[in-house]
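For reference, the structure is listed below as structure tokens.
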Amino acid sequence: MENQAVKTSAAFNVASWIALMGGVVAYLIGLWNAQMQLNEKGYYFAVLVLGLFAAISLQKTVRDRIENVPTTALYYGACLAAFAVSVALLLVGLWNAELLLSEKGFYGLAFFLCLYGAIAVQKNVRDSGTRLLGQPRDNPELPDEND
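Structure below.
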């Protein structure tokens, strides 16, 4: 696949940041105002942090593979597993929570908005970094998967 410099629009960059920040702020305000124990709030916060990290790392790994940057199958699998675990933990937590259905929906939607925003922002940062640094890396000095 030919590497091409991709230029995203300013509107998409702004929309991506709004999605990420709006989702995170809404989720955290919801947690702050929730009538639940502190350990439950900590659980939902940890799930959010794990989900954001896993989504960003998975998107970067997939993009590296598309651009022929060596990545190990083990790291790719770990990223995929962490992403799946974060989504599963949120779903199990919400399923078993003693919250109104509207509150469960709010946390679920805010969580997935955060994931979408994080992936889009990481994509935009990667695209702008490629443009700023010149051509994408053709021959990176990273160990191959077989080493």
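Residue numbers (our numbering): 18 to 164. Virtual Cβ for every residue (Gly too), placed ideally from N, Cα, C. As the structure is a computational prediction, the values presented were derived from the model and not from experiment.
Is the beta carbon of residue j closer than 7 Å to that of residue i?
i, j, result
"Leu-37", "Ala-135", "yes"
"Ser-103", "Ala-71", "yes"
"Asn-141", "Asn-30", "yes"
"Thr-88", "Arg-80", "no"
"Leu-45", "Tyr-61", "no"
Let me know the secondary structure DSSP gives residue i once reduced to three states.
i, result
"Leu-116", "coil"
"Glu-57", "helix"
"Val-86", "coil"
"Ser-145", "helix"
"Gln-139", "helix"
"Gln-76", "helix"
"Ala-36", "helix"
"Ala-51", "coil"
"Lys-24", "coil"
"Asp-164", "Because Asp-164 carries a pLDDT of 48, less than 50, the predicted location of this residue cannot be relied on, and no value is offered for it."
Which residues in the same chain have their Cβ closer than 8 Å to the Cβ of residue i, if we skip the five residues on either side of it in sequence?
i, result
"Val-64", "Ser-103, Leu-106, Leu-107, Gly-110, Phe-128"
"Leu-97", "Leu-75"
"Tyr-92", "Thr-78"
"Trp-34", "Gly-134, Val-138"
Can you tell me the Cβ-Cβ gap for residue i and residue j, rounded? I've got them flagged as a contact below 8 Å.
i, j, result
"Gly-68", "Leu-132", "6 Å"
Output needed for residue i: all residues of its chain with C-beta closer than 7 Å, excluding positions within five of it in sequence on either side, in chain order.
i, result
"Ala-27", "none"
"Asn-56", "none"
"Phe-123", "Gly-47"
Short of 6 Å in beta carbon distance, which residues of its chain neighbour residue i, apart from the five on each side in sequence? Order them along the chain.
i, result
"Asn-50", "none"
Q. Is it a yes or a no for the stretch 28-44 touching the stretch 121-130, going by three-plus beta-carbon pairs under 8 Å?
A. Counting C-beta pairs closer than 8 Å gives three or more between the stretch 28-44 and the stretch 121-130, which meets the contact rule.
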